[in-house]
Amino acid sequence: MNAATALDKQIERYRQMTGEQRLKIALDLHEMSCNIASEGIRRQHPEANETEVEQFLHARLKLAHAA
Numbered sequence: 001m002n003a004a005t006a007l008d009k010q011i012e013r014y015r016q017m018t019g020e021q022r023l024k025i026a027l028d029l030h031e032m033s034c035n036i037a038s039e040g041i042r043r044q045h046p047e048a049n050e051t052e053v054e055q056f057l058h059a060r061l062k063l064a065h066a067a
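Take the numbering used here: the last position of the sequence shown gets the number 67, and nothing is skipped along the way.
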């Protein structure tokens, strides 16, 4: 299977899902990306506590939203 065929199948499956199912996928992906970003922040700033990590994460999200 090539990439275009796989994408077509994925889109077909999404269309078969309810809006609630698609929303859950989106929220799960958002949570996963925030967790990955937080881990990166912890590696860049090992001295940061959880509050500071959250602040860095919110700053990154604001920058991404502004772009």
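Ideal placement from N, C-alpha and C gives every residue a C-beta, glycine not left out. Owing to the predicted nature of the structure, the values given are computational and were not obtained by experimental measurement.
Local conformation of residue i per DSSP, three classes
i, result
"Ala48", "coil"
"Ala35", "Per the sequence shown, the amino acid found at residue 35 is Asn instead of Ala. In this structure, Asn35 counts as helix in the three-state DSSP scheme."
"Ala67", "coil"
"Thr18", "coil"
Sequence-distant residues of the same chain with beta carbon closer than 6 Å to residue i, five excluded per side
i, result
"Phe56", "Ile41"
"Asn2", "none"
Sequence-distant residues of the same chain with beta carbon closer than 8 Å to residue i, five excluded per side
i, result
"His45", "Glu52, Val53 and Phe56"
Own chain partners of residue i with C-beta closer than 7 Å, once the 5 adjacent residues on each side are dropped
i, result
"Tyr14", "Arg22"
Anticipated Cβ contact below 8 Å, residue i with residue j, distance rounded
i, j, result
"Arg60", "Ala26", "At roughly 19 Å, the Cβ-Cβ gap does not stay under 8 Å, so Arg60 and Ala26 are not in contact."
Examine the Cβ distances between the region 11–22 and the region 35–49 and report whether three or more of them are shorter than 8 Å.
no
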